[in-house]
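Peer 1: Residue numbers (my numbering), protein chains in the order written: chain A, 1 to 225; chain B, 226 to 523.
Note that beta-carbon positions come from the ideal geometry of N, C-alpha and C, so glycine has one too.
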Amino acid sequence: MIKLDNVTKIYKGEMVALRDATVEIDKGEFVFLVGASGSGKSTFLRLLNREEKPERGHIFVAGKDIAELPGYKVPYLRRNIGSVFQDFKLLPTKTVSENVAFALEAIGRPRAHIKEAVPQILELVGLAQKADNMPDELSGGEQQRVSIARAFVNRPLILLADEPTGNLDPATSVGIMKLLDRINRTGTTVVMATHDRGIVDSMRRRVIELDRGRIVRDQARGVYE
Amino acid sequence: MAIRLDYIAKETGSNLARNFTLTFASILTVAVSLALVAASYLIGQGINNSFLGLRSDVQLFVYMNPAATQEQIDAVSRALDDSPGVENVDFFDKERSYEEFQRLFEEQPDLVSTITPEDLPQSFRIKPSSSDAEVVTALGDTLESKEGVLRVEYAAEFARQVQRSVRTLNTWVLIVGGVLIGASVLLIFNTIRTAVFARRREIEVMRLVGASNGFIRLPFVAEGLFHGLLGALLAAFAAWGFDALWKRNFVNQVAFELLNQIRWDPNQLWSAIGIIFAVGALTGAIGSGVAVSRFLRA
Ligand SMILES: Nc1ncnc2c1ncn2[C@@H]1O[C@H](COP(=O)(O)OP(=O)(O)O)[C@@H](O)[C@H]1O
Ligand SMILES: [Mg+2]
Numbered sequence: 001m002i003k004l005d006n007v008t009k010i011y012k013g014e015m016v017a018l019r020d021a022t023v024e025i026d027k028g029e030f031v032f033l034v035g036a037s038g039s040g041k042s043t044f045l046r047l048l049n050r051e052e053k054p055e056r057g058h059i060f061v062a063g064k065d066i067a068e069l070p071g072y073k074v075p076y077l078r079r080n081i082g083s084v085f086q087d088f089k090l091l092p093t094k095t096v097s098e099n100v101a102f103a104l105e106a107i108g109r110p111r112a113h114i115k116e117a118v119p120q121i122l123e124l125v126g127l128a129q130k131a132d133n134m135p136d137e138l139s140g141g142e143q144q145r146v147s148i149a150r151a152f153v154n155r156p157l158i159l160l161a162d163e164p165t166g167n168l169d170p171a172t173s174v175g176i177m178k179l180l181d182r183i184n185r186t187g188t189t190v191v192m193a194t195h196d197r198g199i200v201d202s203m204r205r206r207v208i209e210l211d212r213g214r215i216v217r218d219q220a221r222g223v224y225e
Numbered sequence: 226m227a228i229r230l231d232y233i234a235k236e237t238g239s240n241l242a243r244n245f246t247l248t249f250a251s252i253l254t255v256a257v258s259l260a261l262v263a264a265s266y267l268i269g270q271g272i273n274n275s276f277l278g279l280r281s282d283v284q285l286f287v288y289m290n291p292a293a294t295q296e297q298i299d300a301v302s303r304a305l306d307d308s309p310g311v312e313n314v315d316f317f318d319k320e321r322s323y324e325e326f327q328r329l330f331e332e333q334p335d336l337v338s339t340i341t342p343e344d345l346p347q348s349f350r351i352k353p354s355s356s357d358a359e360v361v362t363a364l365g366d367t368l369e370s371k372e373g374v375l376r377v378e379y380a381a382e383f384a385r386q387v388q389r390s391v392r393t394l395n396t397w398v399l400i401v402g403g404v405l406i407g408a409s410v411l412l413i414f415n416t417i418r419t420a421v422f423a424r425r426r427e428i429e430v431m432r433l434v435g436a437s438n439g440f441i442r443l444p445f446v447a448e449g450l451f452h453g454l455l456g457a458l459l460a461a462f463a464a465w466g467f468d469a470l471w472k473r474n475f476v477n478q479v480a481f482e483l484l485n486q487i488r489w490d491p492n493q494l495w496s497a498i499g500i501i502f503a504v505g506a507l508t509g510a511i512g513s514g515v516a517v518s519r520f521l522r523a
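1. Measure from the alpha carbon of B:Gly514 to the alpha carbon of each residue in B:Ala457, B:Ser496, B:Leu459, B:Leu411, then state which is nearest.
2. What did DSSP end up calling A:Leu6 once you bin it into helix, strand or coil?
3. Between A:Glu137 and A:Met203, what straight-line distance do the alpha-carbon atoms span, to the nearest angstrom?
4. B:Met431: buried (16+ other C-beta within 10 angstroms of its C-beta) or exposed?
5. If we define contact as Cβ-Cβ less than 9 angstroms, is B:Ile441 a contact residue for chain A?
6. So the beta strand (DSSP E) B:Lys352 belongs to, where does it begin and stop?
7. Could you round the C-beta distance between B:Val517 and B:Ile413 to whole angstroms and report it? I think they count as a contact, below 8 angstroms.
8. Whole angstroms is fine: what's the gap from A:Phe132's alpha carbon to A:His113's?
9. Hey, A:Asn184 and A:Val190 are a contact pair by Cβ (cut 8 angstroms); roughly how many whole angstroms apart?
10. Is the region 192 to 200 of chain A in contact with the region 155 to 163 of chain A, if contact means three or more CB pairs nearer than 8 angstroms?
11. Expressed to the nearest angstrom, what Euclidean distance is found between the alpha-carbon atoms of A:Thr95 and B:Lys235?
12. Just by C-beta distance, which residues in the region 88 to 105 of chain A are closer than 7 angstroms to chain B?
13. Residues around ligand 1, please: the condition is that the C-beta lies closer than 5 angstroms to some non-hydrogen atom of it.
14. Which same chain residues end up closer than 7 angstroms to B:Val391 when comparing Cβ atoms and leaving out the 5 residues on each side of it in sequence?
15. Check this for me: beta carbons of B:Phe326 and B:Phe349, under 9 angstroms apart or not?
16. Should B:Val421 go down as buried or exposed, given a rule of 16 or more other Cβ atoms within 10 Å for buried?
17. Along the beta strand (DSSP E) that carries A:Gln219, what are the first and last residues, could you check?
18. Use the C-beta contact count for B:Met289: other C-beta atoms within 10 angstroms, 16 or more gives buried, fewer gives exposed.
19. Along chain A, in chain order, which residues have C-beta atoms closer than 9 angstroms to that of B:Ser448?
20. Got a sec: does ligand 2 put a non-hydrogen atom nearer than 8 angstroms to the Cβ of A:Glu51?
21. Can you tell me whether A:Ala21 sits near ligand 2, meaning its C-beta is under 8 angstroms from at least one heavy atom of the ligand?
22. Which complete beta strand (DSSP E) runs does the region 288 to 329 of chain B hold, if anything under 3 residues is left out?
23. With H, G and I counted as helix, E and B as strand and the rest as coil, what does DSSP make of A:Leu210?
24. Opposite A:Gly82 in the DSSP bridges: which residues?
25. Can you give the beta carbon distance from A:Ile107 to B:Val434, rounded, assuming they're within the 8 angstroms contact cut?
26. Take the Cβ of A:Gln144 as the centre, count every other Cβ of all protein chains shown within 10 Å, and call the residue buried at 16 or more, exposed below.
27. In terms of alpha-carbon separation, which member of A:Arg150, A:Lys73, A:Asp5, A:Leu33 lies closest to A:Glu209?
28. Name, going along the chain, the residues of the region 36 to 49 of chain A whose beta-carbon falls closer than 9 angstroms to a beta-carbon of chain B.
29. Using beta-carbon positions only, say whether A:Val74 and A:Val146 come within less than 9 angstroms of one another.
30. Establish whether the CB of A:Gly108 and some CB of chain B are separated by less than 9 angstroms.
31. Could you name the residues of chain A that B:Ala436 contacts, counting a contact when the two beta carbons are closer than 7 angstroms?
32. Out of A:Lys64, A:Asn6, A:Gly175, which one is the CA nearest neighbour of A:Asn80?
33. Kindly list, in the order they appear in chain B, the residues whose Cβ is closer than 8 angstroms to that of A:Arg79.
34. Nearer than 8 angstroms: is that true of the beta carbon of A:Asp162 relative to any heavy atom of ligand 2?
35. Residues of the region 408 to 430 of chain B in Cβ contact with chain A at a cutoff of 9 angstroms, in chain order, please.
36. When DSSP labels each residue in this structure, what does A:Arg145 get in the three-state scheme?
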């Protein structure tokens, strides 16, 4: 599903954020990216949905080399990749269901489909009751659920999560991890950057550790360190 | 790609409401610049239309007072025959003048029906032996002082002078119009950039979920286009009013003999309005397109 082949990412011609990374992730895997702050976790994720382009190497997503993908095809790549962030990136002027619907409107899905898909996904993330609330009326955990619903409503093949529990307390984080685990069980490949030791240690999934841009560990059913 | 019109309308509408003053300024600037361009176009066409029928060999028209006596006419005629500066003279009596009048104004039967041969001045059409403006003017001055002469017109030279000065003025109108179109593009660019900035969160999310660049651009370009076209609509009204005003005030008004030959036909007014809408749309599309592209590339 995802394959990095000697990938190097250099910012501004000097900051090597990822160095000669070679790694393969199969369909349906759940992978943690761990490492200190600045080790290149976010860069790794941004390379996968072509928010960044590598200076060297090849990145294959669903069989295609996305390093060479022309700009106008990038949106179609992203339709297959959901993204979740630490800061949720919800639109404050839209309700919960409007926020989720927006992801489908933006890619021109028909209204009938949207009307059906949005309540269904809100049910899945456990927010059916809050469909008409504004984001600022929700707790952090609920907001992250909305953002996950938005990322997953188009049923992407891959879900990228960049420290999704970074702003949440441990109990709430457990709920978010259960949700991501459920999404993973539907066959979706999940790649999650985190430095939440407790989560990594309790889930016992594959762990890829980065240190100053290098992959220093790749361990099945791993722990934080 | 399925494009949802209600989505575009909603987004465009909310942008307009958000930024009323800037929007108003850009629409007005578009309107003024396009109106100037259209006026310049019409006058330019009018200049080309006018003077075309002039006989280039006739340089001087000596109009006799309608009340001039036969002796006075004969005196002028003799003076012309004796003058070495005159190569050729043609006398237009009332009947001949009327025939010409009918021919020149055959498209305006109303006008023709109100005029009788008696209303028209008799005239000498003179071809001077020299085309030097000073020589011709000197000849004209001599004739102007004769008894019974209403006025002297320097046809071709005169026409050329009018043409030249109107054309110069017109060039400046066009230049000002062009500069203002540049200002319009910048204003629309600015308005749209502000709108894009106000919606940067939405745009970020749209890019993330895989909205195409075209889809993201569309409401903004639609908004710019709307500014351009609304300005064009105002300018089209202005052009139409200018046309009516010109016709009422100048065309066929003896007091404005300088300008009354500059006239354009309805087709040329329609072309002017076509130009207004085309340039207006282009102005809006370029201003907004550049604004959005610059943002999306970043
Ligand atoms: N847009 C950027 N421009 C310049 N340097 C960057 C940029 N993004 C990240 N970096 C640098 O690249 C390195 C890796 O950053 P990042 O991938 O965000 O690490 P992490 O997510 O593990 O904290 C850091 O040193 C960071 O400062
Ligand atoms: Mg990071």
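Peer 2: On the basis of the coordinates in this document:
1. B:Leu411
2. Note on residue identity: the sequence assigns Asn, not Leu, to residue 6 of chain A. Three-state DSSP puts A:Asn6 in a strand.
3. 31 angstroms
4. buried
5. yes
6. 348 to 353
7. B:Val517 to B:Ile413, Cβ: 11 angstroms. No contact.
8. Strictly speaking, residue 132 of chain A in this sequence is Asp, with Phe absent from that position. Going from the Cα of A:Asp132 to the Cα of A:His113 covers about 19 angstroms.
9. 5 angstroms
10. yes
11. 16 angstroms
12. Lys89, Leu91, Phe102, Ala103, Glu105
13. A:Tyr11, A:Met15, A:Ala17, A:Ser37, A:Gly38, A:Ser39, A:Gly40, A:Lys41, A:Ser42, A:Thr43
14. Ile268, Ile272, Ile487
15. no
16. buried
17. 214 to 219
18. buried
19. Here the sequence assigns Glu to residue 448 of chain B, which means Ser is not the residue at that position. Under the 9 angstroms cutoff, chain A gives no residues; its nearest Cβ is about 18 angstroms from B:Glu448.
20. no
21. no
22. 311 to 317
23. strand
24. A:Leu159
25. 6 angstroms
26. buried
27. A:Leu33
28. Asn49
29. no
30. yes
31. Pro75, Ala106, Ile107
32. A:Lys64
33. Val434, Gly435
34. yes
35. Arg426, Glu427, Glu429, Val430
36. helix
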